[in-house]
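K.L.:
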Amino acid sequence: AWDSALELGEKHGYRNAQVSCIAPTGTIGLVMDCDTTGIEPDFSLVKFKKLAGGGYFKIINQSIPPALKKLGYTKKEADEIIAYCLGHATLDGAPGVSSDALREKGLGEAEISAVNAAVKNAFSLAGAVGPWVFDPKFLEEELSLPESTWSLPGFSLLKHLGFTDEQIAAAELYACGTMTLEGAPGLKIEDYPVFDTANPSGRTGTRSIRWQAHVGMMAAAQPFISGAISKTINMPSTATVDDVKGAYHEAWQLMLKAIALYRDGSKLSQPLSSLNAGSDPLIASLVALESLILSGQAGDEAPIAARPIVADTPAAGAAATPVKKRNSLPNRRVGYTQKAKIGNHSLFLRTGEYEDGRLGEIFLDMHKEGAAFRSLLNSFAIAVSLGLQYGVPLEEYVDAFTFSRFEPNGVVRGHDNIKMSTSVLDFIFRDLALTYLNRKDLVQVSPDDLVTTGTGSHEKTDPEADSESEADADGHRPPVRGDANGRNGHSGHPGSENGSLAATQRAHGSAAAAKSATAIANDDAVRSARLQGYEGDPCPTCGHFTLVRNGTCLKCVTCGSTTGCS
Numbered sequence: 003a004w005d006s007a008l009e010l011g012e013k014h015g016y017r018n019a020q021v022s023c024i025a026p027t028g029t030i031g032l033v034m035d036c037d038t039t040g041i042e043p044d045f046s047l048v049k050f051k052k053l054a055g056g057g058y059f060k061i062i063n064q065s066i067p068p069a070l071k072k073l074g075y076t077k078k079e080a081d082e083i084i085a086y087c088l089g090h091a092t093l094d095g096a097p098g099v100s101s102d103a104l105r106e107k108g109l110g111e112a113e114i115s116a117v118n119a120a121v122k123n124a125f126s127l128a129g130a131v132g133p134w135v136f137d138p139k140f141l142e143e144e145l146s147l148p149e150s151t152w153s154l155p156g157f158s159l160l161k162h163l164g165f166t167d168e169q170i171a172a173a174e175l176y177a178c179g180t181m182t183l184e185g186a187p188g189l190k191i192e193d194y195p196v197f198d199t200a201n202p203s204g205r206t207g208t209r210s211i212r213w214q215a216h217v218g219m220m221a222a223a224q225p226f227i228s229g230a231i232s233k234t235i236n237m238p239s240t241a242t243v244d245d246v247k248g249a250y251h252e253a254w255q256l257m258l259k260a261i262a263l264y265r266d267g268s269k270l271s272q273p274l275s276s277l278n279a280g281s282d283p284l285i286a287s288l289v290a291l292e293s294l295i296l297s298g299q300a301g302d303e304a305p306i307a308a309r310p311i312v313a314d315t316p317a318a319g320a321a322a323t324p325v326k327k328r329n330s331l332p333n334r335r336v337g338y339t340q341k342a343k344i345g346n347h348s349l350f351l352r353t354g355e356y357e358d359g360r361l362g363e364i365f366l367d368m369h370k371e372g373a374a375f376r377s378l379l380n381s382f383a384i385a386v387s388l389g390l391q392y393g394v395p396l397e398e399y400v401d402a403f404t405f406s407r408f409e410p411n412g413v414v415r416g417h418d419n420i421k422m423s424t425s426v427l428d429f430i431f432r433d434l435a436l437t438y439l440n441r442k443d444l445v446q447v448s449p450d451d452l453v454t455t456g457t458g459s460h461e462k463t464d465p466e467a468d469s470e471s472e473a474d475a476d477g478h479r480p481p482v483r484g485d486a487n488g489r490n491g492h493s494g495h496p497g498s499e500n501g502s503l504a505a506t507q508r509a510h511g512s513a514a515a516a517k518s519a520t521a522i523a524n525d526d527a528v529r530s531a532r533l534q535g536y537e538g539d540p541c542p543t544c545g546h547f548t549l550v551r552n553g554t555c556l557k558c559v560t561c562g563s564t565t566g567c568s
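In my numbering, each residue carries its 1-based index in the sequence shown increased by 2.
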């Protein structure tokens with residue numbers, strides 16, 4: 003068949019066909035554990051590799067040692083250069099924050115050994131010398147640190163021990179490495195281009211491969227390929243419109259079939275080197291705002307750039323200040339019931355609200371999952387409900403549980419706005435975030451894109467689902483106002499018209515309150531999930547929330563892995 007197709011093609015020509023192409027070599031090279039990635043330049047000199055037995059291992063590109071030897075460097079010089087990039091993996095002899103300095107602060111040998119073990123594969127010093135590394139009993143008895151203090155967001159153990167930012171930064175470069183060879187002791191400046199990568203490496207790196215080199219490499223391979231080349235041309239955040247025009251024009255002149263451009267920062271995704279405080283106005287303002295909020299000093303004296311936008315009406319479901327006393331719900335309350343199917347598993351989500359429309363409790367039901375799983379869901383719902391009633395903001399739950407991944411997951415049926423979810427919890431808090439926080443960024447179909455004709459979904463349910471709803475063994479019945487079943491309920495009795503109208507008016511009022519607080523919700527989203535300009539998704543390889551948009555794919559600036567093409 004192929005021989006016949008070749009003969010016919012040579013005679014009549016081909017349409018929508020190609021004999022050969024170059025696939026995303028960056029992704030393939032990572033999977034094959036290659037030191038070089040073909041036509042795609044390396045993204046980072048240092049990567050975090052996931053071990054089969056668990057954990058991670060920080061490793062430098064294995065082509066660097068032989069490259070240094072080829073350039074004439076001695077083994078001692080090469081070891082010093084590699085240690086500068088990879089780090090010494092210990093605090094022994096480190097400037098500023100050293101093992102001896104930690105002993106003087108009250109840490110014992112066991113604690114210092116735990117710190118040095120964590121430093122070996124740490125991305126930053128703050129992650130290696132944190133409260134979670136030590137026994138809580140040691141923190142409270144030896145360092146006089148109660149859990150109520152070290153568990154606060156933004157708490158820094160190193161700063162609490164008296165170390166300055168300069169000392170922490172110097173020790174971090176020594177122990178964790180710079181992730182770049184720029185400035186390495188003994189490395190000649192004329193040898194820097196040998197080790198350039200697609201993006202600037204590390205926090206201090208400034209060099210990267212120019213876009214002209216990307217286009218030139220593709221042009222060298224294009225004559226031997228009948229199809230296009232799957233490769234991304236990386237541009238720095240300083241690239242201009244003329245640079246983009248020049249790239250396309252040069253690609254056309256060199257007869258490339260197709261090109262894909264990615265300008266760093268075009269999706270609020272800054273390179274790793276720009277995450278230092280003060281280097282980016284947006285990041286600096288957000289960091290300043292977070293510091294003010296955590297210290298309780300945010301107010302009229304806050305700088306304009308770091309002053310939050312305050313709406314007149316508080317966001318529904320958001321408790322501004324946690325309270326110690328439980329704020330119980332009234333015995334008769336309203337809410338709504340949402341039924342959906344996640345991967346062919348039916349889920350019922352029911353809510354209970356305060357009189358002002360804030361979320362106060364949730365009920366979950368998946369009766370087909372067995373007694374154990376159903377009990378876990380019920381216990382989880384009770385825990386969340388208690389947290390809401392004690393003042394935990396709903397957005398904290400949303401940030402914690404969205405994008406969590408486990409079975410069942412996949413396609414969602416029965417919901418107007420959410421079409422995909424990574425888990426049951428992911429779906430639950432996407433729905434709550436949309437309903438009570440107006441978080442349209444967490445749903446696949448925005449409510450603005452839908453033409454609605456009523457107060458709820460009129461999608462016809464199957465008889466099996468109706469029987470599931472009626473046969474709720476736990477007795478978790480949705481609250482009733484008049485004859486209407488919660489916010490989205492519908493009654494078959496004529497007398498329920500007034501109740502339905504009241505529920506409709508209340509739903510519109512809640513929607514208006516949420517809309518008036520959109521500024522706060524958006525600011526919270528940036529300040530929490532995307533504080534540093536990342537996409538907000540966890541890397542499937544290393545788990546860090548450092549994924550940046552790379553064309554149509556995502557790439558992790560921590561470990562260099564990609565989520566699809568490269």
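Note that CB positions come from ideal geometry on N, CA and C, so glycine has one too.
Remember, it's a predicted structure, so these values are computed and weren't measured experimentally.
1) Enumerate in chain order the residues of its own chain whose CB-to-CB distance from R407 is below 7 Å, with the five nearest sequence positions on each side excluded.
2) Leaving aside the five residues before and after A85 along the sequence, list all residues of the same chain whose C-beta is less than 8 Å from its C-beta, in chain order.
3) So for I61, helix, strand or coil by DSSP?
4) By the three-class DSSP mapping on this structure, what secondary structure does D244 have?
5) On the three-state DSSP scale, how would you describe M219?
6) What residues are listed by DSSP as bridge partners for Q340?
7) Straight-line CA distance for K98 to I61?
8) Go through the segment 366-433 residue by residue and report every complete run of the alpha helix (DSSP H) that reaches 4 residues or more, in order.
9) Measuring CB atoms only, is the segment 358-368 touching the segment 426-442, in the sense that at least three cross pairs come out at less than 8 Å?
10) In its own chain, which residues sit with a C-beta less than 8 Å from the C-beta of Y194, not counting the 5 before and 5 after it?
11) Tell me, to the nearest whole angstrom, how far the beta carbon of V400 is from that of N419; I am working on the premise that it is less than 8 Å.
12) Can you list, in chain order, the residues of its chain with a C-beta nearer than 6 Å to that of L73? Leave out the 5 residues immediately preceding and following it.
13) Classify D198 as buried or exposed, calling it buried when 16 or more other Cβ atoms lie within 10 Å of its own Cβ.
14) What does a CB cutoff of less than 7 Å around I170 pick up in its chain, not counting 5 residues either side in sequence?
15) So what does T564 bridge to, in DSSP terms?
16) Give the C-beta separation of A172 and L93 to the nearest angstrom, bearing in mind that I take them to be a contact with Cβ-Cβ under 8 Å.
17) The alpha helix (DSSP H) spanning N118 covers which residue range?
18) Under 7 Å Cβ to Cβ from G110, same chain only, skipping five residues before and after it: list those, please.
19) In angstroms, rounded to a whole number, what distance separates the CA positions of T234 and I261?
20) Based on Cα-Cα distance, which residue from E397, D266, H347, T166 lies nearest to A103?
21) Considering only residues of the same chain and omitting the five flanking positions on each side of L141, which have a CB-CB separation below 7 Å?
22) Between the alpha carbons of S203 and K442, how many angstroms are there, rounded?
23) Which one of T353, N18, V217, S46 has the shortest CA to CA distance from C87?
24) Apply the 10 Å Cβ neighbour rule to I191 and answer buried if 16 or more other Cβ atoms are within range, or exposed otherwise.
25) In terms of residue numbering, what span does the beta strand (DSSP E) encompassing R551 cover?
26) What's the C-alpha gap between R328 and L388?
27) Which of helix, strand or coil does DSSP assign to E363?
28) With distance defined between alpha-carbon atoms, name the residue in S228, A222, S115, A119 nearest to Y16.
29) Excluding sequence positions up to five away, which residues of its chain have a Cβ less than 7 Å from the Cβ of E9?
30) Between the alpha carbons of G562 and F365, how many angstroms are there, rounded?
31) Just checking my contact of V121 with A130 at CB under 8 Å: how many whole Å lie between their CB atoms?
32) How far does the alpha helix (DSSP H) with T151 in it extend, from its first residue to its last?
33) With distances taken from CA atoms, which of C23, G354, Y264 is nearest N333?
34) With H, G and I counted as helix, E and B as strand and the rest as coil, what does DSSP make of T437?
35) Where DSSP assigns a beta bridge to L263, which residues make up the other side?
36) Leaving aside the five residues before and after M181 along the sequence, list all residues of the same chain whose C-beta is less than 6 Å from its C-beta, in chain order.
P.N.:
In terms of the structure at hand:
1) For R407, where only same-chain residues beyond five positions count, the Cβ hits under 7 Å are T424, S425.
2) G179
3) I61 falls in the strand class under three-state DSSP.
4) helix
5) helix
6) L351
7) Reading the sequence as shown, one finds Gly at residue 98 and not Lys. Looking at the two C-alpha atoms, the distance is approximately 25 Å.
8) Correct list: 372-391, 396-403.
9) yes
10) L183, E184, R209
11) 15 Å between Cβ atoms; not a contact.
12) Apart from sequence neighbours up to five positions away, the residues of its chain that approach L73 with a beta-carbon distance below 6 Å are D193, ordered along the chain.
13) buried
14) G98, V99, L127, L160
15) For T564, DSSP records a beta bridge to K557.
16) Not confirmed; about 11 Å, so no contact.
17) 111-121
18) Cβ neighbours of G110 beyond the five flanking positions: none.
19) 7 Å
20) T166
21) Close CB contacts of L141 within its chain, under the 7 Å cut and outside five residues either way in sequence, are with P133, L147, W152 (chain order).
22) 34 Å
23) S46
24) exposed
25) 549-552
26) 8 Å
27) strand
28) Here the closest residue by C-alpha is S228.
29) none
30) 41 Å
31) Contact holds; Cβ gap of about 4 Å.
32) 149-152
33) Checked all of C23, G354, Y264; the closest Cα to N333 is G354.
34) helix
35) I235, per the DSSP bridge assignment.
36) V48, S203, G204
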